[in-house]
Amino acid sequence: MSGKISVELHGTRAVFAELSSTYPLKLLSPRVHRVALAVAYICSYGGGLVSGDRISLSVDVASGTTLVLLSQGSTKVFKFRPGQHASTGPSRLTTQCLDFAVAGSLFLLPDPVTCFRDASYNQIQTFRLASRDASLVALDWVTSGRKSRGEEWMFSRYYSVNEVIVEGKRVAKDVMLLEDASTLAEKLGPYSCYATLILYGPRVQGVIRSLKEEYGRISVFKATAPSELLWSLSEIGGGGVIVRVAGDTEKVRNWLGAALDSLEDVVATRAFA
Amino acid sequence: MDNRERDLLLLLSDSNLPTGSFVASSGLESFLAHGFATGTTPASEVITTFVRDSLSTYAPSALPFVADAHSVVSHLSSAGQDQTIARLEDLDDLYECMTLNHVARRASKAQGVALLSLYAKGFSRPPGVALISSSATDEEERLSKLVDNFKLMVRRGDSDGHLPVCWGTLCAALGLSLERTQHLHLYLHARSLLSAAVRLNSIGPYAAQQILHHAVSSLVDQSIQKSAHLRTGVLQESGWDETTDGPANTWPLGEILAARHDLQHSRIFNS
Numbered sequence: 176m177s178g179k180i181s182v183e184l185h186g187t188r189a190v191f192a193e194l195s196s197t198y199p200l201k202l203l204s205p206r207v208h209r210v211a212l213a214v215a216y217i218c219s220y221g222g223g224l225v226s227g228d229r230i231s232l233s234v235d236v237a238s239g240t241t242l243v244l245l246s247q248g249s250t251k252v253f254k255f256r257p258g259q260h261a262s263t264g265p266s267r268l269t270t271q272c273l274d275f276a277v278a279g280s281l282f283l284l285p286d287p288v289t290c291f292r293d294a295s296y297n298q299i300q301t302f303r304l305a306s307r308d309a310s311l312v313a314l315d316w317v318t319s320g321r322k323s324r325g326e327e328w329m330f331s332r333y334y335s336v337n338e339v340i341v342e343g344k345r346v347a348k349d350v351m352l353l354e355d356a357s358t359l360a361e362k363l364g365p366y367s368c369y370a371t372l373i374l375y376g377p378r379v380q381g382v383i384r385s386l387k388e389e390y391g392r393i394s395v396f397k398a399t400a401p402s403e404l405l406w407s408l409s410e411i412g413g414g415g416v417i418v419r420v421a422g423d424t425e426k427v428r429n430w431l432g433a434a435l436d437s438l439e440d441v442v443a444t445r446a447f448a
Numbered sequence: 052m053d054n055r056e057r058d059l060l061l062l063l064s065d066s067n068l069p070t071g072s073f074v075a076s077s078g079l080e081s082f083l084a085h086g087f088a089t090g091t092t093p094a095s096e097v098i099t100t101f102v103r104d105s106l107s108t109y110a111p112s113a114l115p116f117v118a119d120a121h122s123v124v125s126h127l128s129s130a131g132q133d134q135t136i137a138r139l140e141d142l143d144d145l146y147e148c149m150t151l152n153h154v155a156r157r158a159s160k161a162q163g164v165a166l167l168s169l170y171a172k173g174f175s176r177p178p179g180v181a182l183i184s185s186s187a188t189d190e191e192e193r194l195s196k197l198v199d200n201f202k203l204m205v206r207r208g209d210s211d212g213h214l215p216v217c218w219g220t221l222c223a224a225l226g227l228s229l230e231r232t233q234h235l236h237l238y239l240h241a242r243s244l245l246s247a248a249v250r251l252n253s254i255g256p257y258a259a260q261q262i263l264h265h266a267v268s269s270l271v272d273q274s275i276q277k278s279a280h281l282r283t284g285v286l287q288e289s290g291w292d293e294t295t296d297g298p299a300n301t302w303p304l305g306e307i308l309a310a311r312h313d314l315q316h317s318r319i320f321n322s
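Going down the list, the protein sequences come from chains A and B. If you count the first sequence from 1, position 71 lands on 246 in the numbering used here, and the numbers rise without skipping. If you count the second sequence from 1, position 194 lands on 245 in the numbering used here, and the numbers rise without skipping.
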């Protein structure tokens with residue numbers, strides 16, 4: 176099961192030279208009316224992924240173009256497709272591999288991943304930036320599960336890799352593994368949503384500057400209880416930053432929307448509206 | 052365990068060794084300042100849980116690098132100086148790319164280079180002591196040259212000299228088995244958290260000793276069991292699968308809190 180997205184510049188328009196996918200992956204592209212901007216939604220049939228699903232998507236973003244990649248609602252990872260019985264797939268694991276070759280700008284801003292009870296999920300994302308002129312906003316976030324059913328950190332495994340390679344040299348490799356449901360809630364509470372945001376390149380220098388200023392103004396005095404939202408910022412090689420945010424999903428969403436509100440291409444897609 | 056290994060363990064676990072771990076709290080000071088230890092839970096339980104969670108993320112992040120550095124240095128005589136140094140540099144590079152928290156990175160580098168100095172200054176043979184009969188073997192000479200060269204690279208900024216890489220290097224150079232090397236590394240990590248907890252006045256020295264004696268060994272053993280087999284992938288073992296055999300962080304909250312260390316209005320530790 177795989178897909179391919181390729182964005183090229185034709186005059187002042189960003190066009191999809193390729194936009195193809197096979198079940199259960201589905202790609203949609205709304206019409207947009209901004210110079211050099213292309214937008215695509217990553218969706219899946221049935222509104223989620225199940226054990227055994229293996230999706231690989233390769234994405235090419237040509238110089239001079241901007242691709243905003245979104246998802247249609249959160250990525251839900253089920254152990255089994257609703258209505259199916261337990262003995263269907265040979266593998267319990269759900270895997271999503273995304274490989275990005277970026278010469279222009281990529282803003283990857285999906286909704287969070289929500290792993291349901293007993294689900295097991297691998298997500299491996301590789302961002303290959305062709306030069307220091309390429310720009311990247313990569314958001315990767317996960318929630319504690321289906322709260323409406325009282326599920327909090329009850330999935331069996333969530334494994335996520337985000338690797339950034341610039342001109343062939345690795346500058347960051349973030350690997351996060353959440354497993355062992357017996358301690359997760361205690362380790363990660365009181366927060367129910369964790370986000371990682373990687374920012375790199377000339378297009379996001381303004382965002383980086385204002386986040387650094389805001390971060391530098393924080394002064395932590397001895398608190399009597401954890402605050403509702405926490406975030407941190409660290410530099411990565413080559414002038415980028417990695418930001419981590421913890422809170423409940425709405426607070427994290429609002430924070431992210433505010434952090435990125437100077438990127439007009441992002442605002443135009445109403446990604447955090 | 053032979054007598055030599057026994058004596059090495061005693062030397063390396065001496066809390067007076069100048070390794071710089073004294074100024075590191077590995078996020079504990081920030082954790083306490085952010086209000087995670089208030090409420091009705093007794094302090095000793097809060098600290099024990101912190102030690103558990105800290106080990107649960109430090110073990111899978113650091114042990115693969117300890118193991119591979121140990122392996123590289125153990126094969127020095129067949130691989131040669133240049134190749135060994137190059138592999139250590141690769142390991143250092145990868146650890147730098149995977150440690151995406153500037154406070155942890157800073158602490159790791161400071162303690163790493165201290166270990167390399169410790170080897171050169173504290174484990175070389177003292178000159179002119181008549182009681183020491185044999186002189187350095189060829190292997191010892193090669194190892195000390197390797198560590199000197201690596202230290203020089205770190206001092207020049209050509210390599211980062213991260214703690215797990217340097218710990219693996221030091222212990223392999225001293226001839227400590229990988230099993231002991233990994234175990235001692237986690238044990239010292241846990242002990243330095245408890246020592247920080249005492250200096251932060253969160254628990255008293257007797258409580259720290261109780262936790263060390265009754266809780267830490269099983270927590271360290273659990274972490275060893277889960278993470279001792281992990282490798283970095285740098286040495287390209289066949290059959291290595293990064294999703295099951297590679298390094299990973301497992302505590303995003305710990306990452307955020309550790310990275311926020313410098314934001315504290317007042318603080319006594321460096322990390």
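Every residue, glycine too, gets a C-beta built ideally from N, C-alpha and C.
Beta-carbon spacing of residue i, residue j below 8 angstroms
| i | j | result |
| --- | --- | --- |
| L435(A) | V234(A) | no |
| S194(A) | L184(A) | First, the residue type needs correcting, since residue 194(A) is Leu and not Ser in the sequence shown. It is not a contact, given that the beta carbons lie outside the stated cut-off. |
| P401(A) | S310(A) | no |
| S335(A) | E327(A) | no |
| K254(A) | D308(A) | no |
| I319(B) | S95(B) | no |
| L166(B) | L221(B) | yes |
| L372(A) | L431(A) | yes |
| C290(A) | Y333(A) | yes |
| E200(A) | V236(A) | Note that residue 200(A) is Leu in the sequence shown here, rather than Glu. No, Cβ-Cβ distance for L200(A) and V236(A) is not below 8 angstroms. |
| W302(B) | D58(B) | no |
| L127(B) | L197(B) | yes |
Beta strand (DSSP E) segment containing residue i, residue limits
| i | result |
| --- | --- |
| L245(A) | T241 to S246 |
| S231(A) | R229 to V236 |
| Q380(A) | Segment Q380 to G391 is the alpha helix (DSSP H) holding Q380(A); no beta strand (DSSP E) there. |
| L194(A) | R188 to S196 |
| T185(A) | In the sequence under discussion, the amino acid at residue 185(A) is His, which differs from the Thr named in the question. S177 to H185 is the extent of the beta strand (DSSP E) around H185(A). |
| S168(B) | Element bounds for S168(B): not the beta strand (DSSP E) but the alpha helix (DSSP H), H153 to G173. |
| V275(A) | Note on residue identity: the sequence assigns Phe, not Val, to residue 275(A). That run of the beta strand (DSSP E) goes T269 to V277. |
| F34(B) | There is simply no residue 34(B) to check, as chain B begins at 52 and stops at 322 in what is shown. |
| K201(A) | L200 to L203 |
| N216(A) | Reading off the sequence, residue 216(A) comes out as Tyr, not Asn. Segment L212 to S219, the beta strand (DSSP E) holding Y216(A). |
Inter-residue CB distance, residue i and residue j (contact presumed, cutoff 8 angstroms)
| i | j | result |
| --- | --- | --- |
| V346(A) | I411(A) | 6 angstroms |
| V427(A) | R311(B) | The pair is not a contact, with the Cβ atoms about 16 angstroms apart (cut-off 8 angstroms). |
| L314(A) | L283(A) | 6 angstroms |
| A213(A) | T240(A) | 6 angstroms |
| S195(B) | A171(B) | 7 angstroms |
| H236(B) | V117(B) | 6 angstroms |
| D175(A) | T250(A) | Since the first residue shown for chain A is 176 and the last is 448, residue 175(A) is missing from the structure and cannot be characterised. |
| E342(A) | S306(A) | 6 angstroms |
| R450(A) | S226(A) | Past the boundaries of the shown model lies residue 450(A); chain A is included only from 176 to 448, so the question cannot be answered. |
| L151(B) | T70(B) | Rounded, the Cβ-Cβ distance is 24 angstroms, inconsistent with contact. |
Residues that residue i bridges to, as DSSP identifies them
| i | result |
| --- | --- |
| D315(A) | T371(A) |
| S295(A) | R332(A) |
| W406(A) | V420(A) |
| E354(A) | R332(A) |
| T301(A) | D274(A) and E338(A) |
| R250(B) | According to DSSP, which records beta bridges pairwise, R250(B) is partnered with nothing at all. |
| D104(B) | Bridge partners of D104(B): none, in fact. |
| F282(A) | V243(A) and V312(A) |
| V346(A) | V346(A) pairs with nothing; no bridge assigned. |
| G415(A) | I411(A) |
| L224(A) | V252(A) |
Opening and closing residue of the alpha helix (DSSP H) in which residue i lies
| i | result |
| --- | --- |
| Y333(A) | Not the alpha helix (DSSP H): Y333(A) falls in the beta strand (DSSP E), residues R332 to V341. |
| K322(A) | Premise fails: K322(A) is in no alpha helix (DSSP H) and is neither H nor E. |
| Y143(B) | The sequence given here places Asp at residue 143(B); Tyr does not occur at that position. Per DSSP, D143(B) belongs to the alpha helix (DSSP H) from Q132 to M149. |
| G305(B) | P303 to A310 |
| N300(B) | No alpha helix (DSSP H) holds N300(B); DSSP gives it neither H nor E. |
| K254(A) | Taken as a continuous stretch (DSSP letters only), K254(A) belongs to no alpha helix (DSSP H), as it is neither H nor E. |
| S442(A) | As written in the sequence, residue 442(A) is Val, which differs from the Ser given in the question. V442(A) -> alpha helix (DSSP H) spans E439 to A443. |
Distance cut-off 7 angstroms: residue i Cβ against heavy atoms of the ligand GTP
| i | result |
| --- | --- |
| G422(A) | As presented, the structure is devoid of all ligands, the ligand GTP included, so that no description of it is given. |
field: Inter-stretch contact (C-beta, 8 angstroms, three-pair minimum) for the region 68-77 of chain B and the region 154-165 of chain B
entry: With a cut-off of 8 angstroms, the region 154-165 of chain B and the region 68-77 of chain B count as touching, because enough Cβ pairs lie within range.
The region 52-68 of chain B / the region 381-389 of chain A touching (three or more Cβ pairs under 8 angstroms): Flag = no, the region 52-68 of chain B and the region 381-389 of chain A do not touch.
query: Does the region 181-192 of chain B touch the region 135-145 of chain B, meaning 3 or more C-beta pairs lie closer than 8 angstroms?
result: Output reads no: the region 181-192 of chain B does not touch the region 135-145 of chain B.
field: Given 8 angstroms, three or more beta-carbon pairs between the region 119-135 of chain B and the region 290-298 of chain B
entry: No: fewer than three Cβ pairs fall under 8 angstroms.
message: Quick check: the region 79-89 of chain B against the region 166-179 of chain B, are at least 3 beta-carbon pairs closer than 8 angstroms?
response: Touching, no, given that fewer than three Cβ pairs across the two stretches are closer than 8 angstroms.
message: When you compare the region 204-218 of chain B with the region 417-433 of chain A, are there three or more beta-carbon pairs, one atom per stretch, that lie closer than 8 angstroms?
response: These segments do not touch.
query: Does the region 429-448 of chain A come close enough to the region 262-280 of chain B that 3 or more CB-CB pairs lie under 8 angstroms?
result: Contact fails between the region 262-280 of chain B and the region 429-448 of chain A, because fewer than three Cβ pairs, one in each stretch, are under 8 angstroms apart.
task: Report yes or no: do three or more beta-carbon pairs, one from the region 138-147 of chain B and one from the region 208-225 of chain B, lie closer than 8 angstroms?
output: The region 138-147 of chain B vs the region 208-225 of chain B: in contact.
task: Give a yes or no on contact between the region 240-252 of chain B and the region 102-116 of chain B, applying the rule of three or more CB pairs nearer than 8 angstroms.
output: With the rule of 3 Cβ pairs closer than 8 angstroms, the region 240-252 of chain B counts as touching the region 102-116 of chain B.
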